[in-house]
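Chains as they are written, first to last, in our numbering: chain Z, 706 to 1133; chain P, 706 to 1133.
Notes for the one structure printed next.
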């Protein structure tokens, strides 16, 4: 294995950032153009993904490239930031080494921002039948399954089988689950209804399953109930206090009832991204890395964890939430801490400035909670739209994305209604 | 196997059209709203693809959904056209049956418009190393290979290996090969050059291999030479009279020279789509179905073949070319012939009205030939642009596609620079 030393000059510190999500990207941007540091941003994907809109790709409203931007292009004009395409499987904390593919890279500072992945609660075999929604590939896979289900139902002569094809179960009543359920209800009631002649797509059964007492737990009970009422009005069956016991090719076991469904999507548990640490470090029960209040690792003040991968208890039993604004702020905080290290400043604790939270429920409806402000309905949806458009700044073609959206909403069309196969070869 | 009879009314004739490309789509549109016919359009894909711009998807200029439109949506308001998602593997000409997945469907008229696929001249094992460019999946695979090659070269420390990664070989000097070679040269010299820090993408070696005497054989020698000069100016190495003897993971054997190259793309031979006919019928040496002058099958006046799947000798040794305008006109011709059959008119011979031909060579350059008019350079490129925008009419969002294009060309950016994996699962 070759060892890379990024910076040849002892006075220029090498910063390795693993992960080009909201946290890693913001850490790198904070360090950009500071000549005391040579930054290497490593990601196994070539693109930064605007995850809050991924459900729009899964439901054929947006193209993958609308919400994905090449990480490399973000730093084209920054002399001191280089981008490396590769997977990082392990870190040696004692030797200050990161292992990426066939090389080991030395660091002075390390920022791990590898995000989270779905957790199937000890049932990895469920994944095949219930894809999650974290990556572009998963989003196009979900799109393929949704659109194929309607196509296969159209061809199906057996009415019972048709019903099974037109049953969609979404597991997990958090924002992703709610947005996905709302969007599927929306397209089946508006976009697809015109296209099919044998089936009535609006008869599609969409079931949102939540193990907890109510959906959207992080929101107030009032907004959670409003969202549930909106979903029901859209035609979504919401089942709370319902536990998924099994998922297979035929459907889902919810409590003691088996629901036949050809399409099941997973928006339930998450766990921290996997990483081999030498020596081993302390993880929480979700597999996230426990960090100090400055987001550094205990005993390793030059190693930071930011974003969904970090576990920080901010008050008893309350942890930093896995939200985009948290990851952005954490990335900036870590970047600043590293910058300040040159003048030997003490590390400051990370304080999350609450930006509130929002979730959309189908078209024209959303909920928004910011401190004591609680809004639902159309105004919240407009606010949601503006916030998301604003944060897409830096993304290449907001105009094109806007055009796609306006088109989709105004004409109830979905531009990206594409079923693509996994295999490109002719010969199977 | 279940037998479907599409039309229950004996006076309403059932027309089965297989294939939603230019030929099949136009045949269906010609028959749309004619109540004497019930049309079923069957395609194994849910989308009609604007193939002339597929090379733009392969080179990250356009999104797949920009040039693909759901077939179903085209006929949403036509009572007498239904769209069926499925593969057709065989036809029984004696029993008037089409076999699609698990059903057989009866027809009164049959239009086969299944297009063409790549032919590897008896070497199907080359496909893995040299994808062709006929489908969306192949285009995103080529995009993945091009972008990954630059990323891997950036990480590569061995200069020889780096050179191999930055060598792109395109086999076949027809319009597709020329467009692909030009576009790869274009992005490596303009778009990518800003993004990479270790490698110089403009040093990428792009080799266009053509077995014939010159590239773009269907064009006049004058334009062919102009195109070749343009390609050379863009940095493409054009090798004519060069025969590909072997392709493997290391590179390409061209004549008696082996060229190391990690990326090889296939734009050479085509063959007619595969179909099992009972009884067997006559194919030409490219596997295309020989048709009568009215595009019907000998002895089966109610069966038509249109588009790239058909073989018709229009003068000794000259066959109908495999071009989009030919397929469109053939589809309309077949549609009209079927319409006229109700009043027992004799079948008219298909006469192709020559629309000329064009090919682009990178940005701002094209060649155009229409009867005695021969134009090259920027004016031809503008003409090419207008013709393609015009024919994208009917495609959902020309504005958005235009916006993407203007963006790409004006700022030398490529919006869809996305490397996506085949696998969506976390667990390998």
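Glycine is no exception: its CB is placed at the ideal position from the N, C-alpha and C atoms.
Partners in chain P for residue i, counting only beta-carbon separations shorter than 7 Å
i, result
"residue 1021/Z", "In chain order: nothing, as chain P lies at least about 32 Å away."
"residue 862/Z", "707"
"residue 986/Z", "Those within 7 Å of residue 986/Z in chain P number zero; the least Cβ separation is about 22 Å."
"residue 1015/Z", "Correct list: empty, because the minimum Cβ distance to chain P is about 20 Å."
Beta-carbon separation (whole angstroms), residue i vs residue j, contact threshold 8 Å
i, j, result
"residue 821/Z", "residue 971/Z", "Actually they do not touch by this definition, with Cβ atoms about 13 Å apart."
"residue 994/Z", "residue 977/Z", "6 Å"
"residue 818/P", "residue 732/P", "7 Å"
"residue 870/Z", "residue 858/Z", "4 Å"
"residue 988/Z", "residue 975/Z", "14 Å between Cβ atoms; not a contact."
Alpha-carbon spacing of residue i relative to residue j, whole angstroms
i, j, result
"residue 1133/Z", "residue 1048/P", "Confidence in residue 1133/Z is poor, its pLDDT being 39 and thus under 50, which makes the residue's placement too unreliable to answer from."
"residue 1031/Z", "residue 840/P", "41 Å"
"residue 720/Z", "residue 1063/Z", "34 Å"
"residue 775/Z", "residue 753/Z", "6 Å"
"residue 1006/P", "residue 748/P", "23 Å"
"residue 729/Z", "residue 907/Z", "42 Å"
"residue 925/Z", "residue 1082/Z", "15 Å"
"residue 873/Z", "residue 964/Z", "10 Å"
"residue 847/P", "residue 838/P", "8 Å"
"residue 1000/P", "residue 949/Z", "57 Å"
"residue 809/Z", "residue 745/Z", "13 Å"
"residue 864/P", "residue 852/P", "18 Å"
"residue 830/Z", "residue 882/Z", "20 Å"
"residue 1016/Z", "residue 742/Z", "27 Å"
"residue 885/Z", "residue 1060/Z", "23 Å"
"residue 789/P", "residue 780/P", "12 Å"
"residue 784/Z", "residue 894/Z", "51 Å"
"residue 715/P", "residue 854/P", "59 Å"
"residue 896/P", "residue 766/P", "10 Å"
"residue 750/Z", "residue 760/Z", "19 Å"
"residue 832/Z", "residue 827/P", "40 Å"
"residue 1028/Z", "residue 1034/Z", "10 Å"
Extent of the continuous alpha helix (DSSP H) run through residue i
i, result
"residue 1033/Z", "1029–1045"
"residue 883/Z", "880–891"
"residue 764/P", "Run containing residue 764/P: none; DSSP gives neither H nor E here."
"residue 866/Z", "864–870"
"residue 964/Z", "No alpha helix (DSSP H) contains residue 964/Z, which is instead part of the beta strand (DSSP E) from 962–965."
"residue 742/Z", "No alpha helix (DSSP H) contains residue 742/Z, which is instead part of the beta strand (DSSP E) from 742–748."
"residue 952/P", "Segment 949–953 is the beta strand (DSSP E) holding residue 952/P; no alpha helix (DSSP H) there."
Interface partners of residue i on chain Z, CB under 8 Å
i, result
"residue 852/P", "751"
"residue 781/P", "899, 900"
"residue 649/P", "Residue 649/P falls outside the range modelled here, since chain P spans only 706 to 1133, and no answer is possible."
Chain P residues whose Cβ lies nearer than 8 Å to that of residue i
i, result
"residue 787/Z", "902, 903"
"residue 973/Z", "None at all; the shortest Cβ gap to chain P is about 14 Å."
"residue 889/Z", "Correct list: empty, because the minimum Cβ distance to chain P is about 17 Å."
Burial state of residue i, where buried means 16 or more other Cβ atoms lie within 10 Å
i, result
"residue 805/Z", "buried"
"residue 966/P", "buried"
"residue 856/Z", "buried"
"residue 1078/Z", "exposed"
"residue 1084/P", "exposed"
"residue 939/Z", "buried"
"residue 901/Z", "buried"
"residue 1076/Z", "exposed"
"residue 968/Z", "buried"
"residue 1135/Z", "Summary: the structure shown does not reach residue 1135/Z, with chain Z confined to residues 706 through 1133, and so no result is reported for it."
"residue 937/Z", "exposed"
Minimum Cβ-Cβ distance from residue i to chain C less than 8 Å
i, result
"residue 768/P", "Absence of chain C from the displayed structure is noted, the protein chains being Z and P."
Listed by chain order, chain Z residues near residue i by CB distance under 7 Å
i, result
"residue 856/P", "751, 790"
"residue 875/P", "Per Cβ cutoff of 7 Å: no residues; residue 875/P is ~17 Å from chain Z at best."
"residue 728/P", "By Cβ distance, chain Z contributes nothing, its closest Cβ being about 20 Å from residue 728/P, past 7 Å."
Residue range of the unbroken beta strand (DSSP E) whose run includes residue i
i, result
"residue 790/P", "786–790"
"residue 1005/P", "1005–1010"
"residue 1074/P", "1071–1075"
"residue 830/Z", "Note, residue 830/Z: premise wrong, no beta strand (DSSP E); not H, not E."
"residue 810/Z", "808–811"
Interface partners of residue i on chain P, CB under 9 Å
i, result
"residue 1071/Z", "Chain P residues near residue 1071/Z: none, gap ~24 Å exceeds 9 Å."
"residue 763/Z", "Those do not exist, as residue 763/Z stays about 11 Å from chain P at its closest Cβ, beyond 9 Å."
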